[in-house]
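Asker:
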Amino acid sequence: MKKIYIHAAFFILFILTYFLVKILSPQERLITSLVSTFGFISLILIIIILSLPLFVKYKNTSLTRYLLSERRWIGIYTFIFALIHFSLVFYFFFGLDINKILNNKNRLYLSLGGIALLFLFLMTITSNNYAVRKLGKNWKRLHYLIYPALVLILIHSFNIGLIYMKNFWLKIIVLIMILIIILLKFYKSKKSK
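My numbering numbers the first residue of the sequence shown as 1 and each following residue consecutively.
Written out as structure tokens, the structure is:
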């Protein structure tokens with residue numbers, strides 16, 4: 001029964017995102033706003049996924065334990081939001097023409113976003129008990145792709161982000177959050193040895 005909460009939460013997040021952007025964005029910037037918002041939410045969700053074990057360690061509540069137990073679903077929904085971001089870009093900005101991406105001056109940053117999406121896809125299709133059994137220790141190694149994916153997403157969004165990542169202070173806040181998470185994870189792993 002509790003599984004329904006995570007699905008309902010992401011359904012509500014999707015609906016709220018769509019309608020808030022539609023209401024708050026000028027019509028001529030609607031697609032740009034949707035693209036940026038879905039991409040930014042994907043980035044924030046990755047940060048949340050990485051921080052969940054730390055939340056449980058430092059603030060062990062029923063909510064943090066529940067979110068940690070649903071981390072796979074959060075990851076799957078992260079991929080879905082990133083896929084929506086990609087689909088909107090590919091359809092509205094490039095007219096489903098791969099050549100327009102290859103000839104774009106920002107093709108490097110677009111490609112880095114595409115590689116990050118591929119990493120998220122690989123983690124998504126292996127986010128099930130069958131894959132855990134079949135892959136064994138390699139499952140965890142595969143899911144460490146979250147870290148290179150995060151780096152690629154940061155490079156992608158910091159260089160071609162159209163709304164949120166144009167803000168210098170938001171970039172600093174995101175970097176500080178990630179740095180704190182990585183340092184705490186490093187400290188936690190050193191302490192457990």
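Glycine residues also receive a C-beta, built at the ideal position from the N, C-alpha and C atoms.
If you reduce the DSSP assignment to three classes, tell me which class P26 lands in.
Answerer: As a first step, residue 26 is located in the sequence shown; it is residue number 26 there, counting from the start. Coil, per DSSP.
Asker: To the nearest angstrom, report how far apart N103 and K57 are at their CA atoms.
Answerer: Walking along the sequence shown from the start, residue 103 turns up at place 103. Walking along the sequence shown from the start, residue 57 turns up at place 57. Using only the alpha carbons, I get a separation of about 47 Å.
Asker: To the nearest angstrom, report how far apart L54 and K185 are at their CA atoms.
Answerer: For the purposes of this step, residue 54 is taken as the residue at position 54 of the sequence shown. For the purposes of this step, residue 185 is taken as the residue at position 185 of the sequence shown. Straight-line Cα distance between these residues: approximately 7 Å.
Asker: Along the alpha helix (DSSP H) that carries V151, what are the first and last residues, could you check?
Answerer: Residue 151 sits at position 151 when you count from the first residue of the sequence shown. Counting along the chain, the alpha helix (DSSP H) containing V151 begins and ends at 146–160.
Asker: Determine whether the beta carbon atoms of W139 and A131 lie at a separation below 8 Å.
Answerer: For the purposes of this step, residue 139 is taken as residue 139 along the sequence shown, with counting starting at 1. For the purposes of this step, residue 131 is taken as residue 131 along the sequence shown, with counting starting at 1. Result yes, Cβ atoms of W139 and A131 sit closer than 8 Å.
Asker: Alpha carbon to alpha carbon, what distance is there between K105 and N99?
Answerer: Taking the first residue of the sequence shown as 1, we reach residue 99 at position 99. Taking the first residue of the sequence shown as 1, we reach residue 105 at position 105. Distance between the alpha carbons of N99 and K105 is about 12 Å.
Asker: Under 8 Å Cβ to Cβ from L142, same chain only, skipping five residues before and after it: list those, please.
Answerer: Numbered from 1 along the sequence shown, position 142 holds the residue referred to as residue 142. Excluding positions up to five away in sequence, the list reads L122, M123, T126, L135.
Asker: Are the region 44–51 and the region 157–164 in contact at 8 Å, needing three or more beta carbon pairs?
Answerer: Result no; under three Cβ-Cβ pairs closer than 8 Å.
Asker: Between L145, L175, Y144, Y5, which lies nearest to L63 when the distance is taken from Cα to Cα?
Answerer: To locate residue 63, count along the sequence shown from 1; it is residue 63. The residue with the shortest Cα to Cα distance from L63 is Y5.
Asker: Tell me which same chain residues have a C-beta within less than 6 Å of the C-beta of I178, skipping the five on either side of it?
Answerer: If you number the sequence shown from 1, residue 178 lands on position 178. The answer is none, since no qualifying residue turns up.
Asker: List the endpoints of the continuous alpha helix (DSSP H) containing G75.
Answerer: Counting from 1 along the sequence shown, the entry for residue 75 is found at position 75. 71–88 is the span of the alpha helix (DSSP H), which, as asked, contains G75.
Asker: Ignore the nearest five residues each way along the sequence and tell me which others in Y77's own chain have a CB closer than 6 Å to its CB.
Answerer: For the purposes of this step, residue 77 is taken as the residue at position 77 of the sequence shown. These residues qualify, in order along the chain: F10.
Asker: Excluding sequence positions up to five away, which residues of its chain have a Cβ less than 7 Å from the Cβ of L175?
Answerer: Taking the sequence shown and counting its residues from 1, one reaches residue 175 at position 175. Result list for L175: empty, nothing under 7 Å.
Asker: Do Y109 and N159 have their C-beta atoms closer together than 8 Å?
Answerer: Here residue 109 is taken as the residue at index 109 of the sequence shown, counted from 1. Here residue 159 is taken as the residue at index 159 of the sequence shown, counted from 1. Contact flag set, yes.
Asker: Between the Cα of L50 and those of I23, I182, K59, Y187, spot the shortest distance and give me the residue it belongs to.
Answerer: Against the sequence shown, residue 50 aligns to sequence position 50. When each option's Cα is compared against that of L50, the closest is I182.
Asker: Counting only beta-carbon atoms, is G39 nearer than 8 Å to chain B?
Answerer: No chain B is present in this structure, which holds just one protein chain.
Asker: From which residue to which residue does the alpha helix (DSSP H) around F119 run?
Answerer: Counting from 1 along the sequence shown, the entry for residue 119 is found at position 119. That run of the alpha helix (DSSP H) goes 107–125.
Asker: Let me make sure I understand the geometry here. Which of Y187, I173, K2 has the alpha-carbon closest to that of S69?
Answerer: Counting from one through the sequence shown, the residue named residue 69 turns up at place 69. Nearest option by C-alpha distance: K2.
Asker: Please identify the residue among F119, L170, E28 whose C-alpha is closest to the C-alpha of F40.
Answerer: Here residue 40 is taken as the residue at index 40 of the sequence shown, counted from 1. Closest option to F40, Cα to Cα, is L170.
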